[in-house]
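Going by UniProt numbering, the first residue of the sequence shown is number 1, and it counts up by one from there.
Don't be surprised by glycine CBs; every beta carbon is placed ideally from N, CA and C.
Note that the structure is a prediction, hence the values are computed from the model and not measured.
Worksheet: the structure to be examined is printed underneath.
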Amino acid sequence: MNLSIKAALGTYNTHRWVVKMFQRQYSKAASKIKDMKHEKVEKSGAIQFKRLPEFVQQRELLWNKLKENYNRELVNKPQHPIKVSLSDGKHIDAVSWRTTAFDVANHISPSFAETVIVAKVNGVLWDLNRPLEENCHLELLKFDNDEAKSVFWHSSAHILGEALERTFTGYLCYGPPIEAGFYYDMYLHDKTISSTDFPQLEKCIKEIINGKQKFERLVVRKDDLFEMFKYNPFKVRILNEKINSPTATVYRCGSLIDVCRGPHVLHTGKVKAFKLTKNSSTYWEGNSESETLQRVYGISFPDTKQLQEWEQFQEEAIKRDHRRIGKVSAVLSLILAASLPL
1 MNLSIKAALG
11 TYNTHRWVVK
21 MFQRQYSKAA
31 SKIKDMKHEK
41 VEKSGAIQFK
51 RLPEFVQQRE
61 LLWNKLKENY
71 NRELVNKPQH
81 PIKVSLSDGK
91 HIDAVSWRTT
101 AFDVANHISP
111 SFAETVIVAK
121 VNGVLWDLNR
131 PLEENCHLEL
141 LKFDNDEAKS
151 VFWHSSAHIL
161 GEALERTFTG
171 YLCYGPPIEA
181 GFYYDMYLHD
191 KTISSTDFPQ
201 LEKCIKEIIN
211 GKQKFERLVV
221 RKDDLFEMFK
231 YNPFKVRILN
241 EKINSPTATV
251 YRCGSLIDVC
261 RGPHVLHTGK
271 VKAFKLTKNS
281 STYWEGNSES
291 ETLQRVYGIS
301 FPDTKQLQEW
311 EQFQEEAIKR
321 DHRRIGKVSA
331 VLSLILAASL
341 PL
């Protein structure tokens, strides 16, 4: 074999060895990156399941069955003329078990109806899509009313609950409105939720809001409630400890079905601005001997401008706190300086 052929073979073998070495190194690096990504997702618990857990499907099957029964009962309810008195003294003709509070609001003005959050019938908060049952006094509340705000934020908590359930598939616990916003607690075994999970949650929330999912109310017997929520030990505890009547109401929006007194907004699309604000760990019913839960807080509004104003207010509040802390620090420095010996 001449020298030129030997040299060519040597160069070829060297190149082949370099290529194999590069492939081995690349494979190791790719595997490491994959493991790191997997580890990061597992630690936060933020796994987007493409398929909802089985308990959601079973819950929905029972809901559909009970809803069909309710619809048959509703058809047989006695429908007769009723009078609805309004806050301005006017009276509207309506039909029992058919006319809703939203129908009345829409009769007044379609543009006005779009701004109404919830109704009040004879002093009791009432879903806009729930039929009126008898002669009544009707109030139509907008977001500037404190009770309407509470209802709006309660509905927003249900939106958050649906997003949490779809994203993490854990067990939902409590999800109430609070003084400025709302939160929802979820049990995730040994997993946690952090602010790095917020973009994924907010993406799911946006999808829920854009879907304009209707809030539907259903009165359910207690034994059916236990069957509906048997998968969730926390909901079973709530049923045992909080529900003292033979029936209770449940609400549905999208895939979420939850035990709830209500009322709620017409549909998820009423929420035009939604922001997750913070997260924390907490204990079931505040008992340190009980399970650790993950809590996510949020704020929402029927208008994006209101969210912008809220954010600006929060920024100004932080600045005021910083200035106050600065003044206190300056005073402390003067006191300490005066107390030092010369």
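Where A317 falls: helix, strand or coil (DSSP): On the sequence shown, position 317 is the one that residue 317 refers to. In the structure shown, A317 sits in a helix (DSSP, three-state: H, G or I).
Sub-8 Å separation of G170 and G161 beta-carbons: The residue you call residue 170 lines up with position 170 of the sequence shown. The residue you call residue 161 lines up with position 161 of the sequence shown. Against a cut-off of 8 Å, the Cβ pair of G161 and G170 comes out as no contact.
Simplified DSSP assignment, three categories, for Q312: Looking up residue 312 in the sequence shown gives position 312. Correct three-state label for Q312: helix.
Complete alpha helix (DSSP H) runs within the segment 160-222 (minimum length 4 residues, chain order): 198-210
Integer Cβ distance of K235 from V259, believed to fall under 8 Å: Taking the sequence shown and counting its residues from 1, one reaches residue 235 at position 235. Taking the sequence shown and counting its residues from 1, one reaches residue 259 at position 259. Right, their Cβ atoms sit about 6 Å apart.
Rounded C-alpha distance that separates F301 from H107: Taking the first residue of the sequence shown as 1, we reach residue 301 at position 301. Taking the first residue of the sequence shown as 1, we reach residue 107 at position 107. Approximately 25 Å between the Cα atoms of the pair.
Selection from N210, H158, G181, T167 that minimises the alpha carbon distance to C173: Working through the sequence shown from its first residue, we reach residue 173 at position 173. Considering only alpha carbons, the answer is H158.
Cβ pair S195, N279 closer than 8 Å: Stepping through the sequence shown from its first residue, residue 195 is reached at position 195. Stepping through the sequence shown from its first residue, residue 279 is reached at position 279. Taking 8 Å as the Cβ cut-off, S195 and N279 qualify as a contacting pair.
Assumed close pair S150, P177 - CB separation to whole angstroms, cut-off 8 Å: Locating residue 150 in the sequence shown gives position 150, where the first residue counts as 1. Locating residue 177 in the sequence shown gives position 177, where the first residue counts as 1. Contact holds; Cβ gap of about 5 Å.
Residues of its chain near G254, where Cβ-Cβ distance is below 8 Å and the 5 sequence neighbours each way are ignored: Along the sequence shown, read from residue 1 onward, the residue named residue 254 stands at position 254. Closer than 8 Å at Cβ, skipping near neighbours: E162, I208, G211, Q213, T268.
Rounded separation between L276 and P131 - CA only: To locate residue 276, count along the sequence shown from 1; it is residue 276. To locate residue 131, count along the sequence shown from 1; it is residue 131. Using only the alpha carbons, I get a separation of about 34 Å.
Beta carbon of R217 nearer than 8 Å to that of D127: Counting from 1 along the sequence shown, the entry for residue 217 is found at position 217. Counting from 1 along the sequence shown, the entry for residue 127 is found at position 127. Contact: yes.
Three-state secondary structure (DSSP) of D224: The residue given as residue 224 occupies position 224 in the sequence shown. Reduced to three states, the DSSP call for D224 is helix.
Beta strand (DSSP E) segments (min. 3 residues) lying fully within the segment 84-168: 91-95, 116-121, 124-126, 136-142
Assigned secondary structure, G286 (DSSP; H/G/I helix, E/B strand, else coil): Looking up residue 286 in the sequence shown gives position 286. Reduced to three states, the DSSP call for G286 is helix.
Buried or exposed (CB count within 10 angstroms, at least 16 for buried), A317: In the sequence shown, residue 317 corresponds to position 317, counting from 1. When all chains shown are included, A317 counts as exposed.
Span of the beta strand (DSSP E), counted from its first residue to its last, around I243: Stepping through the sequence shown from its first residue, residue 243 is reached at position 243. Counting along the chain, I243 falls outside any beta strand (DSSP E), and DSSP gives it neither H nor E.
Test item: CB-CB of D197 and T282 under 8 Å: In the sequence shown, counting from the first residue as 1, residue 197 sits at position 197. In the sequence shown, counting from the first residue as 1, residue 282 sits at position 282. Result no, Cβ atoms of D197 and T282 do not sit closer than 8 Å.
Residue closest to A94, alpha-carbon to alpha-carbon, out of L61, E133, A148, E114: Locating residue 94 in the sequence shown gives position 94, counting from the first residue. Of L61, E133, A148, E114, the residue nearest in Cα terms is E133.
Stretch pair the segment 133-149 + the segment 72-86: three plus CB contacts closer than 8 Å: yes
First through last residue of the beta strand (DSSP E) which encompasses L61: In the sequence shown, counting from the first residue as 1, residue 61 sits at position 61. Looking at the DSSP string, L61 is not in any beta strand (DSSP E); the run it does join, the alpha helix (DSSP H), is 54-75.
Residue range of the beta strand (DSSP E) that includes R252: Within the sequence shown, the letter at position 252 stands for residue 252. Run containing R252: 247-253, per the beta strand (DSSP E) assignment.
Between the CA atoms of Q312 and D224 - distance to the nearest angstrom: The count along the sequence shown starts at 1 and reaches residue 224 at position 224. The count along the sequence shown starts at 1 and reaches residue 312 at position 312. Going by the C-alpha atoms only, they are around 47 Å apart.
Buried/exposed call for E241, threshold 16 Cβ in 10 Å: Within the sequence shown, residue 241 is the residue found at index 241, counting from 1. With fewer than 16 other Cβ atoms within 10 Å, it is exposed.
Residue environment, S155, which counts as buried when at least 16 other CB atoms sit within 10 Å: Translated into positions along the sequence shown, residue 155 becomes position 155. By the neighbour-count rule (16 or more Cβ atoms within 10 Å), S155 is buried.
CB contact flag (R98, I257, <8 Å): Walking along the sequence shown from the start, residue 98 turns up at place 98. Walking along the sequence shown from the start, residue 257 turns up at place 257. No. Outside cutoff.
Rounded distance between the beta-carbons of L138 and V84, thought under 8 Å: Here residue 84 refers to the residue found at position 84 when the sequence shown is read from its first residue. Here residue 138 refers to the residue found at position 138 when the sequence shown is read from its first residue. At roughly 5 Å, the Cβ-Cβ gap stays under 8 Å, so V84 and L138 are in contact.
When E54, V116, Y297 are compared against V265, the one with the closest alpha-carbon: Along the sequence shown, read from residue 1 onward, the residue named residue 265 stands at position 265. That would be V116, whose Cα lies nearest to the Cα of V265.
Beta-carbon proximity list for F55, same chain, < 6 Å, skipping 5 on both sides: The residue you call residue 55 lines up with position 55 of the sequence shown. Y231.
Simplified DSSP state of G269, which is helix, strand or coil: Indexing the sequence shown from 1 puts residue 269 at position 269. Note: G269 maps to helix in three-state DSSP.
Cβ neighbour criterion (16 or more within 10 Å) applied to G123: One-based indexing of the sequence shown puts residue 123 at position 123. Its Cβ having fewer than 16 others within 10 Å, G123 is exposed.
Burial state of K305, where buried means 16 or more other Cβ atoms lie within 10 Å: Locating residue 305 in the sequence shown gives position 305, where the first residue counts as 1. Classification for K305: exposed.
With 16 other Cβ atoms within 10 Å as the buried cut-off, status of K65: The count along the sequence shown starts at 1 and reaches residue 65 at position 65. Classification of K65: exposed, given that the 10 Å Cβ count is below 16.
For G298, the residue or residues it bridges with in DSSP: In the sequence shown, the residue the question calls residue 298 occupies position 298. DSSP, once it has assigned bridges, lists F182, L276 as partnering G298.
Residues bridged to L293 (per DSSP): Here residue 293 refers to the residue found at position 293 when the sequence shown is read from its first residue. In DSSP, L293 forms a bridge with T282.
Extent of the continuous beta strand (DSSP E) run through D258: If you number the sequence shown from 1, residue 258 lands on position 258. Note, D258: beta strand (DSSP E), 256-259.
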